[in-house]
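> Before we start, here is the structure in question, set down as structure tokens.
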Ligand code: DAH
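Following this line, the structure appears as structure tokens:
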């Protein structure tokens, strides 16, 4: 039937119902809803015109238009439900659970290589009867340098690229009062004197901890770790130092390792000795790891300087001792075959996981 305004309602309804039934998905259905029922749709316009008809026609025309609208609305609801049901039916296929499929194992955490090496070192020295002590990372200049026989103005200070907690004045001068000057310890050696102050010989201690230097490249980072060793007793000699460090090198790098000592210089030891281990990759034949020398430097050491014993309140006429400092990152790099330290310390877990 043709409405007073020219729309063939029956035809319009028939076409609409056909298109609704054929809507392939939810999106198409929504688009169609706007076309067929929206404010600008022919049906809406037809309905709005009903009010302008003479009263005797208005009733019948309104009834018909509303009936058409309701039929179309319910067709939309039916189609929406049908599409939803079909989707849910497919879900059963698409999302079916294969109970035989292997699960996704949760990733397990593990200690960082630096922590692993630190623990291993502590175990090795604990096995030799050493105590383990810790000391302050924010340290006095006095313990970091002065009491280690490195007075103000000593050239060895330059090697330590120190972070001062109170920085030098703009003209470069630093507070001359070493008793109160505060810094981030650039090595663990300050604990030698602190420990002697509070312990009487015989002393056997290792001090693991964080250390700080203004340094940043492939083999240096501003925060790193060391393990300091100190042994003080009557009659301690270089032979004791050698035996201890050879034991350590074998425990860490393998039973077949040998060590050699080379002269070095640290103000707090006399003599000072650089310790090399026979290359564990080529067994001393020469390879890229040992730069074809057969030997790898692993730590600094020496006999404790009499001045340092004195600063610690230990009588150098009666006691002697040896000390050593091990760079943990260096040992970890050697052990895990890493040549850029920064890759091992990168917070990106994908990198760290390789080790
Ligand atoms: N403190 C030194 C450094 O950081 C390492 C060191 C060398 C420590 C010789 C020692 C030692 O105890 O005897 O470079």
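Residue numbers (my numbering): -7 to 347. Ideal placement from N, C-alpha and C gives every residue a C-beta, glycine not left out.
(1) Identify every run of the beta strand (DSSP E) within the stretch 180 to 262, keeping only runs that are complete inside it and at least 3 residues long; order them along the chain.
(2) Which residues does DSSP list as the beta-bridge partners of residue 284?
(3) Quick one: Cα of residue 62 to Cα of residue 44, how far?
(4) Any chance the CB of residue 258 is under 7 angstroms from a heavy atom of the ligand DAH?
(5) Would you report the Cα separation of residue 157 and residue 275, rounded to the nearest angstrom?
(6) Use the C-beta contact count for residue 348: other C-beta atoms within 10 angstroms, 16 or more gives buried, fewer gives exposed.
(7) DSSP state of residue 278, grouped into three classes?
(8) Hey, is residue 294 close to the ligand DAH, as in C-beta under 7 angstroms from one of its heavy atoms?
(9) Pick from 79, 240, 277, 99: whose alpha carbon is nearest that of residue 290?
(10) Between 203, 192, 242, 217, which lies nearest to residue 223 when the distance is taken from Cα to Cα?
(11) Under three-state DSSP, which class holds residue 4?
(12) Exposed or buried, residue 261, counting other C-beta atoms within 10 Å across all chains shown (16 or more means buried)?
(13) Is the stretch 86 to 96 close to the stretch 23 to 33, with three or more CB pairs under 8 angstroms?
(14) Let me know if residue 236 comes out buried or exposed under the rule of 16 or more other beta-carbons within 10 Å of its beta-carbon.
(15) Is the stretch 91 to 108 touching the stretch 146 to 157, taking contact as three or more C-beta pairs under 8 angstroms?
(16) Within this structure, are the beta carbons of residue 115 and residue 201 separated by less than 8 angstroms?
(17) What's the call for residue 184, buried or exposed, on a 16-neighbour Cβ count within 10 Å?
(18) Could you check what DSSP says for residue 124 in three-state terms: helix, strand or coil?
(19) Where does residue 141 land, buried or exposed, given buried means 16+ other C-beta within 10 angstroms?
(20) Could you check if residue 3 is buried or exposed, using at least 16 other CB atoms within 10 Å of its CB as the buried criterion?
(21) If I measure Cβ to Cβ from residue 219 and keep anything under 6 angstroms in the same chain, skipping five residues before and after, which residues do I get?
(22) Whole-angstrom Cβ separation of residue 344 and residue 338, contact assumed at under 8 angstroms?
(23) Pull up the distance between the alpha-carbon of residue 268 and that of residue 285, whole angstroms please.
(24) Any heavy atom of the ligand DAH closer than 7 angstroms to the CB of residue 315?
(25) Is any non-hydrogen atom of the ligand DAH found closer than 7 angstroms to the C-beta of residue 261, if you look at the structure I gave you?
(26) Mapping the DSSP letters down to three states, classify residue 131 as helix, strand or coil.
(27) Provide the residue(s) that pair with residue 268 in DSSP beta bridges, ordered along the chain.
(28) Measuring straight from C-alpha to C-alpha, what distance separates residue 169 and residue 133?
(29) How many Å lie between residue 52 and residue 80 at the Cα?
(30) What did DSSP end up calling residue 317 once you bin it into helix, strand or coil?
(31) Less than 8 angstroms between CB atoms is the rule here; does residue 241 satisfy it with respect to chain B?
(32) Identify whether residue -5 lies in helix, strand or coil by the three-state DSSP scheme.
(33) Count the other C-beta atoms from every protein chain shown that fall within 10 angstroms of the C-beta of residue 66, then say buried if there are 16 or more, exposed otherwise.
(34) Which complete beta strand (DSSP E) runs does the stretch 31 to 86 hold, if anything under 3 residues is left out?
(35) Using the C-alpha atoms, what's the distance from residue 82 back to residue 68?
(36) Which two residues bound the contiguous beta strand (DSSP E) that contains residue 176?
Quick look at the numbers:
(1) 195 to 204, 215 to 225, 251 to 256
(2) To locate residue 284, count along the chain shown from 1; it is residue 292. Paired residue(s): none; residue 284 is not in a bridge.
(3) As a first step, residue 62 must be located in the chain shown, where it is residue number 70. As a first step, residue 44 must be located in the chain shown, where it is residue number 52. The alpha-carbon atoms of residue 62 and residue 44 are separated by roughly 21 angstroms.
(4) Stepping through the chain shown from its first residue, residue 258 is reached at position 266. At least one heavy atom of the ligand DAH is nearer than 7 angstroms to the Cβ of residue 258, so yes.
(5) Residue 157 sits at position 165 when you count from the first residue of the chain shown. Residue 275 sits at position 283 when you count from the first residue of the chain shown. Rounded to whole angstroms, residue 157 to residue 275 spans 45 angstroms at the Cα level.
(6) This structure cannot speak to residue 348, because the chain is shown only from -7 to 347.
(7) Within the chain shown, numbered from 1, the residue matching residue 278 stands at position 286. Correct three-state label for residue 278: coil.
(8) On the chain shown, position 302 is the one that residue 294 refers to. Result yes, Cβ under 7 angstroms from the ligand DAH.
(9) Position 298 of the chain shown, counted from the first residue, corresponds to residue 290. Per the Cα distances, 240.
(10) Working through the chain shown from its first residue, we reach residue 223 at position 231. Answer by Cα proximity: 192.
(11) Your numbering for residue 4 matches position 12 in the chain shown. Helix.
(12) Here the question's residue 261 lines up with position 269 in the chain shown. The residue is buried, with at least 16 neighbouring Cβ atoms inside 10 Å.
(13) no
(14) The count along the chain shown starts at 1 and reaches residue 236 at position 244. Flag for residue 236 reads buried.
(15) no
(16) Within the chain shown, the letter at position 123 stands for residue 115. Within the chain shown, the letter at position 209 stands for residue 201. It is not a contact, given that the beta carbons lie outside the stated cut-off.
(17) The residue labelled residue 184 in the question sits at position 192 within the chain shown. So residue 184 counts as buried.
(18) Position 132 of the chain shown, counted from the start, is the residue given in the question as residue 124. Strand at residue 124.
(19) Working through the chain shown from its first residue, we reach residue 141 at position 149. Counting Cβ neighbours within 10 Å, residue 141 comes out buried, since at least 16 surround it.
(20) Taking the chain shown and counting its residues from 1, one reaches residue 3 at position 11. Exposed is the call here.
(21) To locate residue 219, count along the chain shown from 1; it is residue 227. These residues qualify, in order along the chain: 113, 198, 200, 318.
(22) As a position in the chain shown, residue 344 is number 352, starting the count at 1. As a position in the chain shown, residue 338 is number 346, starting the count at 1. Confirmed, Cβ separation roughly 7 angstroms.
(23) Along the chain shown, read from residue 1 onward, the residue named residue 268 stands at position 276. Along the chain shown, read from residue 1 onward, the residue named residue 285 stands at position 293. When rounded, the distance between both Cα atoms is 11 angstroms.
(24) For the purposes of this step, residue 315 is identified with residue 323 of the chain shown, where counting begins at 1. Correct: residue 315 has its Cβ closer than 7 angstroms to the ligand DAH.
(25) Translated into positions along the chain shown, residue 261 becomes position 269. The answer is yes for residue 261.
(26) On the chain shown, position 139 is the one that residue 131 refers to. Residue 131: strand per DSSP, three-state reduction.
(27) Taking the chain shown and counting its residues from 1, one reaches residue 268 at position 276. Per DSSP, 252, 289.
(28) Translated into positions along the chain shown, residue 169 becomes position 177. Translated into positions along the chain shown, residue 133 becomes position 141. Distance between the alpha carbons of residue 169 and residue 133 is about 9 angstroms.
(29) Here the question's residue 52 lines up with position 60 in the chain shown. Here the question's residue 80 lines up with position 88 in the chain shown. Between residue 52 and residue 80, the C-alpha separation is close to 42 angstroms.
(30) Stepping through the chain shown from its first residue, residue 317 is reached at position 325. Of the three classes helix, strand and coil, the one that applies to residue 317 here is strand, per DSSP.
(31) Protein chains in the displayed structure number just one, and chain B is not present.
(32) Position 3 of the chain shown, counted from the start, is the residue given in the question as residue -5. Reliability fails at residue -5, whose pLDDT of 48 lies under 50, so the model's placement of it is uncertain and no value is given.
(33) Within the chain shown, residue 66 is the residue found at index 74, counting from 1. Its Cβ having fewer than 16 others within 10 Å, residue 66 is exposed.
(34) none
(35) As a position in the chain shown, residue 68 is number 76, starting the count at 1. As a position in the chain shown, residue 82 is number 90, starting the count at 1. Rounded to the nearest angstrom, the two C-alpha atoms are 21 angstroms apart.
(36) Here the question's residue 176 lines up with position 184 in the chain shown. Residue 176 -> beta strand (DSSP E) spans 174 to 176.
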